[in-house]
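Participant: Can you keep this structure in mind? I'll have questions shortly.
There are 2 protein chains.
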Amino acid sequence: MKLELTKLMDPGSRLTEQRALIYKIISDGGQHLDADEIYSRARQKSARISLATVYRTLQKFKQMGIIDELHFGQEHHHYETRQEGEHYHLVCRSCGKVIEFTYPLSSKIKKDVMEARDFKIVGAEVNMTGYCRRCRK
Amino acid sequence: MKLELTKLMDPGSRLTEQRALIYKIISDGGQHLDADEIYSRARQKSARISLATVYRTLQKFKQMGIIDELHFGQEHHHYETRQEGEHYHLVCRSCGKVIEFTYPLSSKIKKDVMEARDFKIVGAEVNMTGYCRRCRK
DNA sequence: ATTGATAATGCGAATCATTTGCATTAATAA
DNA sequence: TTATTAATGCAAATGATTCGCATTATCAAT
Ligand SMILES: [Mn+2]
Ligand SMILES: [Mn+2]
Ligand SMILES: [Zn+2]
Ligand SMILES: [Zn+2]
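Residue numbers (this note's numbering), protein chains in the order written: chain A, 1 to 137; chain B, 1001 to 1137.
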């Protein structure tokens, strides 16, 4: 994965141990981690990393477009590596479980909305909340 | 508007000046206000209100279902009175302007997703980001 | 109208998430 | 190998939201 990242790094920015580790944690680890979870997982691997570095790295990855920030209506955010096709999320109001789903939203809705509102869409976040099967019964 | 609220109040909870004022500000005022904006508008009307009360009231209204909380990827949230039909939002990455749009998402997508993932959907938030006409040219 | 129980408020302190300043460390190009 | 300077760690700062508690005021029952 170090190799993958190398290519992704912006010119002028450096590939550090911490960045490689954080990237690995986000891509390998269970999906949709938050900064604190990434931090504690990183600590288990490398004692020498700070929460500030986690936040700084998340910002950088986000602006580089290799991760996406998710807003599930909580006071903190979650992160995931950028996927090929867009996908959206279902969040269980009871247990917090996150389920991913794809839907051909993008293509049509974007086109319609862009035309109707004269707005150039570059990103979409769709979050639905409700109750998963387990929590329902 | 005091009359409207009366009916909406939960049994046991009280209709105070502060609550009526906050409700009025959210419904009258320009859309999608955040807690701080609501607070400062409230201060102009009534010197005697605290930010804590604004937050507590927002929580209460939210759980009562008379307002909705929006998550535009910022560190704080925005609020609007609950509308009849669902509607979604376009947020300009350049000027921050919020444009509303409706789309027959709900019906079909919900049905499909509920069936395919066995998930009972009770709420949906759709936020798209991009650039408004003004900012584009 | 008066009163009593207690929900809600104001205020300041506390908490949580994220950012920032700065001295130190380390990646990388020459 | 070395010099440049991006990135890090740490602690302090900031911003958003919540909490504790004494005080106030709503509202149901006199
Ligand atoms: Mn996902
Ligand atoms: Mn709206
Ligand atoms: Zn669940
Ligand atoms: Zn704009």
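Backbone N, C-alpha and C define an ideal beta-carbon position, used for all residues, glycine too.
For the alpha helix (DSSP H) holding Thr-57 (chain A), just list the boundary residues, first then last.
Facilitator: For the purposes of this step, residue 57 (chain A) is taken as the residue at position 57 of the first sequence. Looking at the DSSP string, the run of the alpha helix (DSSP H) that includes Thr-57 (chain A) is 51–64.
Participant: What residue does the alpha helix (DSSP H) around Tyr-39 (chain A) start on, and which one ends it?
Facilitator: Sequence index remark: in the first sequence, residue 39 (chain A) carries index 39 (1-based). Note, Tyr-39 (chain A): alpha helix (DSSP H), 35–45.
Participant: For Cys-1092 (chain B), which beta-bridge partners are listed by DSSP?
Facilitator: As a first step, residue 1092 (chain B) is located in the second sequence; it is residue number 92 there, counting from the start. Cys-1092 (chain B) is bridged to B:Gly-1130.
Participant: On the DSSP letters alone, give me the boundaries of the beta strand (DSSP E) that Ile-22 (chain A) sits inside.
Facilitator: Indexing the first sequence from 1 puts residue 22 (chain A) at position 22. From DSSP, Ile-22 (chain A) is part of no beta strand (DSSP E) but of the alpha helix (DSSP H) over 17–28.
Participant: Residues around ligand 1, please: the condition is that the C-beta lies closer than 5 Å to some non-hydrogen atom of it.
Facilitator: A:Glu-80, A:Glu-100
Participant: Which residues of chain A have a Cβ atom closer than 7 Å to the Cβ of Lys-1120 (chain B), listed in chain order?
Facilitator: As a working note, residue 1120 (chain B) is residue 120 in the second sequence. Going along chain A in sequence order, the residues near Lys-1120 (chain B) (Cβ under 7 Å) are Gly-130, Tyr-131, Arg-136.
Participant: If contact means a Cβ-Cβ distance below 7 Å, which residues of the segment 65–77 of chain A contact chain B?
Facilitator: Glu-69, His-71, Gly-73
Participant: Near Lys-1045 (chain B), which residues of its chain fall below 7 Å by C-beta distance, leaving aside the five closest residues on each side in sequence?
Facilitator: Position 45 of the second sequence, counted from the first residue, corresponds to residue 1045 (chain B). Excluding residues within five positions, the ones whose Cβ falls inside 7 Å are Leu-1021.
Participant: Using beta-carbon positions only, say whether Thr-1129 (chain B) and Arg-1093 (chain B) come within less than 8 Å of one another.
Facilitator: Position 129 of the second sequence, counted from the start, is the residue given in the question as residue 1129 (chain B). Position 93 of the second sequence, counted from the start, is the residue given in the question as residue 1093 (chain B). Yes, the Cβ-Cβ distance between Thr-1129 (chain B) and Arg-1093 (chain B) is below 8 Å.
Participant: For His-1089 (chain B), count neighbouring Cβ atoms within 10 angstroms of its own Cβ and tell me buried if that reaches 16, exposed if not.
Facilitator: Position 89 of the second sequence, counted from the first residue, corresponds to residue 1089 (chain B). That one is buried.
Participant: Which residues in chain B sit within 8 Å of Ala-124 (chain A), going by Cβ to Cβ distance?
Facilitator: If you number the first sequence from 1, residue 124 (chain A) lands on position 124. Those within 8 Å of Ala-124 (chain A) in chain B are Val-1126, Asn-1127, Met-1128, Thr-1129.
Participant: In the structure shown, what three-state DSSP assignment does Glu-1115 (chain B) receive?
Facilitator: For the purposes of this step, residue 1115 (chain B) is taken as the residue at position 115 of the second sequence. Reduced to three states, the DSSP call for Glu-1115 (chain B) is helix.
Participant: Between Tyr-103 (chain A) and Gly-1085 (chain B), what straight-line distance do the alpha-carbon atoms span, to the nearest angstrom?
Facilitator: Residue mapping note: residue 103 (chain A) aligns to position 103 of the first sequence, counting from 1. Residue mapping note: residue 1085 (chain B) aligns to position 85 of the second sequence, counting from 1. The straight-line gap from Cα to Cα measures roughly 22 Å.
Participant: Are three or more beta carbon pairs between the segment 1004–1018 of chain B and the segment 1058–1066 of chain B nearer than 8 Å?
Facilitator: Yes, the segment 1004–1018 of chain B is in contact with the segment 1058–1066 of chain B.
Participant: Determine the closest residue to Arg-1082 (chain B) out of B:Arg-1056, B:Tyr-1131, B:Ser-1027, B:Arg-1043, with distance taken between C-alpha atoms.
Facilitator: Counting from 1 along the second sequence, the entry for residue 1082 (chain B) is found at position 82. Among B:Arg-1056, B:Tyr-1131, B:Ser-1027, B:Arg-1043, the Cα nearest to that of Arg-1082 (chain B) is on B:Ser-1027.
Participant: So if I measure from each beta-carbon to every heavy atom of ligand 4 and keep distances below 5 Å, which residues remain?
Facilitator: Per the Cβ criterion, the list is B:Cys-1092, B:Ser-1094, B:Cys-1095, B:Lys-1097, B:Cys-1132, B:Cys-1135.
Participant: Does DSSP put Thr-1006 (chain B) in a helix, in a strand, or in coil?
Facilitator: Position 6 of the second sequence, counting from 1, holds the residue named residue 1006 (chain B). DSSP places Thr-1006 (chain B) in helix when its eight states are reduced to three.
Participant: Does Val-113 (chain A) have its Cβ less than 8 Å from a Cβ in chain B?
Facilitator: What you label residue 113 (chain A) is simply residue 113 of the first sequence in a count that begins at 1. Yes - at least one Cβ of chain B is within 8 Å of the one on Val-113 (chain A).
Participant: Where Lys-1111 (chain B) and Leu-58 (chain A) are concerned, what is the direct C-alpha to C-alpha distance, given to the nearest angstrom?
Facilitator: On the second sequence, residue 1111 (chain B) is found 111 positions in, with the first residue counted as 1. On the first sequence, residue 58 (chain A) is found 58 positions in, with the first residue counted as 1. Going from the Cα of Lys-1111 (chain B) to the Cα of Leu-58 (chain A) covers about 35 Å.
Participant: Please report the distance separating the alpha-carbon of Glu-100 (chain A) from that of Val-126 (chain A).
Facilitator: Indexing the first sequence from 1 puts residue 100 (chain A) at position 100. Indexing the first sequence from 1 puts residue 126 (chain A) at position 126. C-alpha separation (whole angstroms): 10 Å.
Participant: Taking the CB atoms as reference points, tell me whether Arg-1041 (chain B) and Ile-1049 (chain B) lie closer together than 8 Å.
Facilitator: Here the question's residue 1041 (chain B) lines up with position 41 in the second sequence. Here the question's residue 1049 (chain B) lines up with position 49 in the second sequence. No, Cβ-Cβ distance for Arg-1041 (chain B) and Ile-1049 (chain B) is not below 8 Å.
Participant: Can you check whether the C-beta of Tyr-55 (chain A) is within less than 8 Å of a C-beta belonging to chain B?
Facilitator: Along the first sequence, read from residue 1 onward, the residue named residue 55 (chain A) stands at position 55. With 8 Å as the cut-off, Tyr-55 (chain A) does not count as an interface residue toward chain B.
Participant: Cβ of Phe-1101 (chain B) less than 8 Å from any chain A Cβ?
Facilitator: Taking the second sequence and counting its residues from 1, one reaches residue 1101 (chain B) at position 101. Closer than 8 Å to some Cβ of chain A, the Cβ of Phe-1101 (chain B) qualifies, so yes.
Participant: Would you call the CB atoms of Leu-80 (chain A) and Gln-18 (chain A) closer than 8 Å?
Facilitator: Within the first sequence, numbered from 1, the residue matching residue 80 (chain A) stands at position 80. Within the first sequence, numbered from 1, the residue matching residue 18 (chain A) stands at position 18. Just to set this straight, residue 80 (chain A) is Glu in the shown sequence, not Leu. No; because the gap between Cβ atoms is not below 8 Å, this pair is not in contact.
Participant: Give, in chain order, every residue of the segment 85–100 of chain A whose Cβ lies closer than 8 Å to some Cβ of chain B.
Facilitator: The residues in question are Leu-90, Cys-92, Arg-93, Ile-99.
Participant: So, helix, strand or coil for Lys-120 (chain A), using DSSP?
Facilitator: Counted from its first residue, the first sequence places residue 120 (chain A) at position 120. Looking at Lys-120 (chain A) - three-state DSSP - the assignment turns out to be strand.
Participant: Does at least one heavy atom of ligand 2 sit under 7 Å from the Cβ of Gln-83 (chain A)?
Facilitator: If you number the first sequence from 1, residue 83 (chain A) lands on position 83. No, since every heavy atom of ligand 2 falls outside the 7 Å radius drawn around the Cβ of Gln-83 (chain A).
Participant: Are the CB atoms of Leu-33 (chain A) and His-78 (chain A) nearer to each other than 8 Å?
Facilitator: The residue given as residue 33 (chain A) occupies position 33 in the first sequence. The residue given as residue 78 (chain A) occupies position 78 in the first sequence. Yes. Within cutoff.
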